[in-house]
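So the sequences go chain by chain: A, B, C and D.
With our numbering as the guide, the letters of the first sequence map in order to residues 82 to 274.
With our numbering as the guide, the letters of the second sequence map in order to residues 82 to 274.
With our numbering as the guide, the letters of the third sequence map in order to residues 82 to 274.
With our numbering as the guide, the letters of the fourth sequence map in order to residues 82 to 274.
Beta carbons are placed, not taken as given, at the ideal position from N, Cα and C, and that holds for glycine.
Structure first, commentary second.
There are 4 protein chains.
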Amino acid sequence: MNEDKKVQVYLGVISLVQQGRSMNDLKVSEIAQACGIGKGTCYEYFSSKEEIIRETLMYTFHKEFDSFCDLLQFDQGFEAGFRQILTAMEKALSQFSPFQTLLSSVGKRELKQYVSEEIMENIMLQMIQLIDVLLDQALQEGWIQPQHPREYQRFLLIGVMEAYCFQITNPQLKISAEQAADYACQGLQKALS
Amino acid sequence: MNEDKKVQVYLGVISLVQQGRSMNDLKVSEIAQACGIGKGTCYEYFSSKEEIIRETLMYTFHKEFDSFCDLLQFDQGFEAGFRQILTAMEKALSQFSPFQTLLSSVGKRELKQYVSEEIMENIMLQMIQLIDVLLDQALQEGWIQPQHPREYQRFLLIGVMEAYCFQITNPQLKISAEQAADYACQGLQKALS
Amino acid sequence: MNEDKKVQVYLGVISLVQQGRSMNDLKVSEIAQACGIGKGTCYEYFSSKEEIIRETLMYTFHKEFDSFCDLLQFDQGFEAGFRQILTAMEKALSQFSPFQTLLSSVGKRELKQYVSEEIMENIMLQMIQLIDVLLDQALQEGWIQPQHPREYQRFLLIGVMEAYCFQITNPQLKISAEQAADYACQGLQKALS
Amino acid sequence: MNEDKKVQVYLGVISLVQQGRSMNDLKVSEIAQACGIGKGTCYEYFSSKEEIIRETLMYTFHKEFDSFCDLLQFDQGFEAGFRQILTAMEKALSQFSPFQTLLSSVGKRELKQYVSEEIMENIMLQMIQLIDVLLDQALQEGWIQPQHPREYQRFLLIGVMEAYCFQITNPQLKISAEQAADYACQGLQKALS
DNA sequence: GATGAATGAGACTTCATTCAT
DNA sequence: GATGAATGAAGTCTCATTCAT
Numbered sequence: 082m083n084e085d086k087k088v089q090v091y092l093g094v095i096s097l098v099q100q101g102r103s104m105n106d107l108k109v110s111e112i113a114q115a116c117g118i119g120k121g122t123c124y125e126y127f128s129s130k131e132e133i134i135r136e137t138l139m140y141t142f143h144k145e146f147d148s149f150c151d152l153l154q155f156d157q158g159f160e161a162g163f164r165q166i167l168t169a170m171e172k173a174l175s176q177f178s179p180f181q182t183l184l185s186s187v188g189k190r191e192l193k194q195y196v197s198e199e200i201m202e203n204i205m206l207q208m209i210q211l212i213d214v215l216l217d218q219a220l221q222e223g224w225i226q227p228q229h230p231r232e233y234q235r236f237l238l239i240g241v242m243e244a245y246c247f248q249i250t251n252p253q254l255k256i257s258a259e260q261a262a263d264y265a266c267q268g269l270q271k272a273l274s
Numbered sequence: 082m083n084e085d086k087k088v089q090v091y092l093g094v095i096s097l098v099q100q101g102r103s104m105n106d107l108k109v110s111e112i113a114q115a116c117g118i119g120k121g122t123c124y125e126y127f128s129s130k131e132e133i134i135r136e137t138l139m140y141t142f143h144k145e146f147d148s149f150c151d152l153l154q155f156d157q158g159f160e161a162g163f164r165q166i167l168t169a170m171e172k173a174l175s176q177f178s179p180f181q182t183l184l185s186s187v188g189k190r191e192l193k194q195y196v197s198e199e200i201m202e203n204i205m206l207q208m209i210q211l212i213d214v215l216l217d218q219a220l221q222e223g224w225i226q227p228q229h230p231r232e233y234q235r236f237l238l239i240g241v242m243e244a245y246c247f248q249i250t251n252p253q254l255k256i257s258a259e260q261a262a263d264y265a266c267q268g269l270q271k272a273l274s
Numbered sequence: 082m083n084e085d086k087k088v089q090v091y092l093g094v095i096s097l098v099q100q101g102r103s104m105n106d107l108k109v110s111e112i113a114q115a116c117g118i119g120k121g122t123c124y125e126y127f128s129s130k131e132e133i134i135r136e137t138l139m140y141t142f143h144k145e146f147d148s149f150c151d152l153l154q155f156d157q158g159f160e161a162g163f164r165q166i167l168t169a170m171e172k173a174l175s176q177f178s179p180f181q182t183l184l185s186s187v188g189k190r191e192l193k194q195y196v197s198e199e200i201m202e203n204i205m206l207q208m209i210q211l212i213d214v215l216l217d218q219a220l221q222e223g224w225i226q227p228q229h230p231r232e233y234q235r236f237l238l239i240g241v242m243e244a245y246c247f248q249i250t251n252p253q254l255k256i257s258a259e260q261a262a263d264y265a266c267q268g269l270q271k272a273l274s
Numbered sequence: 082m083n084e085d086k087k088v089q090v091y092l093g094v095i096s097l098v099q100q101g102r103s104m105n106d107l108k109v110s111e112i113a114q115a116c117g118i119g120k121g122t123c124y125e126y127f128s129s130k131e132e133i134i135r136e137t138l139m140y141t142f143h144k145e146f147d148s149f150c151d152l153l154q155f156d157q158g159f160e161a162g163f164r165q166i167l168t169a170m171e172k173a174l175s176q177f178s179p180f181q182t183l184l185s186s187v188g189k190r191e192l193k194q195y196v197s198e199e200i201m202e203n204i205m206l207q208m209i210q211l212i213d214v215l216l217d218q219a220l221q222e223g224w225i226q227p228q229h230p231r232e233y234q235r236f237l238l239i240g241v242m243e244a245y246c247f248q249i250t251n252p253q254l255k256i257s258a259e260q261a262a263d264y265a266c267q268g269l270q271k272a273l274s
């Protein structure tokens with residue numbers, strides 16, 4: 082099936098990025114080898130290397146976005162849900178995460194080479210929506226207090242999420258993921274109390 | 082003087098990155114043009130393009146690190162100093178900031194292409210030291226409370242700094258830099274009270 | 082039947098050339114599509130693209146040669162027959178004509194890529210024979226005078242035929258095909274009187 | 082000098098075509114080798130292979146056109162001048178002649194791949210002008226008679242010129258160039274008397 | 001027998017690097 | 001020391017050909 086083959090290529094790209102390679106200097110021959118097909122076969126499904134990278138980015142983003150949305154059920158309350166999201170980010174980070182890409186200025190510069198300004202804007206707005214859903218749930222449960230403006234709430238949620246990512250990608254700080262999640266919850270709750 | 086010419090090249094690279102170009106796909110001819118020298122002349126001072134990029138990165142990092150250190154005098158107290166640092170980051174962001182590069186996983190992947198694991202580790206430790214100096218000052222002034230573990234303090238300081246950067250690089254969030262700095266101070270102080 | 086399929090392929094090639102494409106850069110996939118069969122099927126009947134082109138050339142030449150021979154009956158006299166031949170050339174021209182190919186130095190260079198020197202020589206001789214048959218008939222009818230050497234007669238017959246082709250393929254000259262045929266007859270007759 | 086280098090490349094292409102190669106399947110590496118430069122050097126002066134071919138065509142045409150114009154002085158009368166032009170065509174033919182290319186339908190199809198419809202039209206008109214200059218001179222000297230329409234005169238001039246080219250490129254016809262020139266003059270004069 | 005997905009040889013093109021001026 | 005024309009290694013992409021279905 083046509084779409085299956087494309088996914089096979091996406092997975093090849095992702096596996097290379099997971100191995101520490103930068104998207105920009107992947108060679109088509111490497112991608113082909115990584116997903117177990119011939120060089121020419123890539124061009125049966127994509128018209129250029131750039132298209133391969135771009136579509137892989139979109140694929141990965143949607144995948145990650147969907148998996149985040151799935152975690153927004155909060156059956157066991159906001160904090161349990163939030164911790165699950167942090168865990169999901171951890172997993173995504175060890176892989177190749179467009180979410181992380183968007184959070185950093187460097188990442189966005191890279192992205193800009195492949196994705197239109199308009200699409201980036203759109204993705205950004207989706208991310209903010211997702212953050213708002215999280216905050217709404219926390220407010221509803223009384224986990225954080227309502228007197229702070231939404232902008233301040235967002236600021237802190239983004240802050241603790243980024244700090245969490247930074248912690249787990251920097252072993253020099255010598256904190257376990259669990260410890261970092263505790264800090265994230267504690268800091269968020271205190272700052273928004 | 083030899084070192085002057087090298088700096089001239091660094092500035093050329095920096096100006097290109099400021100224009101939104103990604104480090105990875107700069108051409109030597111572009112760099113030469115950007116700094117107003119001949120293509121061949123680059124090879125009088127650097128042995129390869131990779132060396133140009135690497136040394137520019139190190140140059141920029143040291144420059145930024147030094148400028149941050151200069152701000153750590155706290156003549157007017159911690160908060161005023163911290164706000165100055167945020168302002169300095171804002172300026173660095175609008176330019177080409179290795180500091181920001183290091184804070185993100187994407188940035189670090191890019192960096193890894195040019196800088197050895199050892200050097201990156203080293204830089205990371207310097208950054209943590211800098212953060213500790215900041216925290217010590219805040220504690221000394223009683224601006225934050227001492228009962229929290231150092232790891233938690235670092236977590237939050239990094240968090241608000243990253244959130245600040247994110248805010249000012251994403252106009253969609255529609256907060257002024259000043260507002261964001263207020264949030265950063267407020268969040269930090271509340272979470273560490 | 083085997084030969085039918087081959088002809089189907091020839092017709093596909095011919096139709097593409099009629100659409101203005103150059104023989105040299107036809108793709109096998111295009112040929113296959115143009116004749117309504119699968120790409121792989123071409124290789125059931127031909128061993129290579131080159132063979133397809135070569136055999137199409139030979140097919141088309143023989144077809145055209147035969148159709149010219151059919152017109153050499155001269156039931157209604159030389160001039161009527163000659164005019165019919167001119168009309169046949171016009172039709173061939175608007176299509177894809179090996180006859181025309183052979184008359185030009187460019188055409189022959191193209192041909193040489195596909196057909197052996199020997200075969201080209203052979204075809205050339207057939208063309209000259211055909212011309213001689215035409216001239217014999219004109220002489221027999223007294224339409225032209227016998228005192229000129231055969232080489233001169235050939236020279237002029239070829240000349241008016243080429244000029245005729247040139248006229249009808251260049252609308253800039255603004256002469257109708259009929260007018261051009263009149264000129265061809267008039268010029269030939271005067272020059273050989 | 083920049084233009085000199087371009088001409089060096091043109092001459093490389095021309096030499097290959099003179100060796101019997103078709104313009105269409107020249108490889109850049111061959112062209113580079115033929116003119117004694119590196120493959121990459123071609124791209125210092127031309128942006129693509131297509132541009133190399135196109136500009137070579139234009140260069141050759143202008144060269145040939147100019148050399149024809151130089152012969153249109155008729156110091157020694159029309160016939161001597163006309164014979165000189167035939168000789169010039171012979172020389173051009175043994176080389177790579179855009180003039181010959183334009184005279185044939187095959188040649189024009191090839192040309193169309195490189196040159197715009199508009200430019201081809203333009204070149205065509207120049208050729209017709211050149212023919213008219215020739216005819217005017219012949220009329221002025223009384224070498225041909227004025228009672229025939231210009232279209233008929235052109236028809237015959239083109240005819241004998243094409244026939245001449247055909248003769249000298251087909252040794253099978255076993256006429257010397259001189260003989261063919263005699264036939265051309267004789268035929269032209271008789272048909273236009 | 002018919003097909004078209006898969007392939008890789010080989011083409012075009014870019015660009016880091018060299019070196020004669 | 002400074003230069004940029006020249007270069008060729010290496011990358012992207014095309015397409016004739018194969019072969020499993």
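Residue i - DSSP class collapsed to helix/strand/coil
i	result
Phe180 of chain A	helix
Arg102 of chain B	coil
Gly93 of chain A	helix
His143 of chain D	helix
Gln194 of chain B	coil
Pro230 of chain A	coil
Leu138 of chain C	helix
Gly162 of chain A	helix
Lys87 of chain A	helix
Gln248 of chain C	helix
Glu131 of chain C	helix
Cys150 of chain B	helix
Leu216 of chain C	helix
Gly223 of chain C	coil
Ile118 of chain A	coil
Phe155 of chain A	coil
Cβ pair residue i, residue j closer than 7 Å
i	j	result
Leu152 of chain C	Ile166 of chain C	yes
Ala219 of chain D	Tyr245 of chain D	no
Leu238 of chain B	Ile212 of chain B	yes
Phe177 of chain C	Val98 of chain C	yes
Ser129 of chain C	Ala115 of chain C	no
Val94 of chain B	Ile118 of chain B	no
Val187 of chain C	Ser185 of chain D	yes
Under 9 Å by beta carbon: chain C residues contacting residue i
i	result
Gln181 of chain D	Ser185, Ser186 and Val187
Phe247 of chain D	Leu184, Ser185, Ser186, Phe236, Ile239, Gly240 and Glu243
Chain A residues whose Cβ lies nearer than 8 Å to that of residue i
i	result
Asn251 of chain B	Met205
Per-residue contacts from residue i into chain D (C-beta, under 8 Å)
i	result
Tyr264 of chain C	Glu232, Tyr233, Phe236 and Leu237
8 Å Cβ cut-off: residues of chain C touching residue i
i	result
Ala244 of chain D	Phe236, Leu237, Ile239, Gly240 and Glu243
Gly119 of chain D	Going along chain C, no residue has its Cβ under 8 Å from Gly119 of chain D, so there is no contact; the nearest lies around 26 Å.
Leu254 of chain D	Ile209, Glu232 and Arg235
Residue i: contacting residues in chain B (beta-carbon distance under 7 Å)
i	result
Gly101 of chain A	Arg190 and Lys193
Gly268 of chain A	Phe236, Leu237, Gly240 and Ala272
Asn83 of chain A	The contacting residues do not exist; Asn83 of chain A stays about 30 Å from chain B at best.
Neighbouring residues, chain B, relative to residue i (Cβ below 8 Å)
i	result
Gly162 of chain A	By Cβ distance, chain B contributes nothing, its closest Cβ being about 20 Å from Gly162 of chain A, past 8 Å.
Partner residues on chain B for residue i, Cβ-Cβ distance less than 9 Å
i	result
Glu202 of chain A	Gln253
Ala261 of chain A	Glu232 and Phe236
Asp106 of chain A	Asn105, Asp106 and Gln194
Asn174 of chain A	Here residue 174 of chain A turns out to be Leu, not Asn, going by the sequence shown. By Cβ distance, chain B contributes Ser186.
Per-residue contacts from residue i into chain A (C-beta, under 7 Å)
i	result
Leu216 of chain B	Here the premise fails: no neighbours, minimum Cβ distance about 13 Å.
Interface partners of residue i on chain D, CB under 9 Å
i	result
Leu152 of chain C	In chain order: nothing, as chain D lies at least about 21 Å away.
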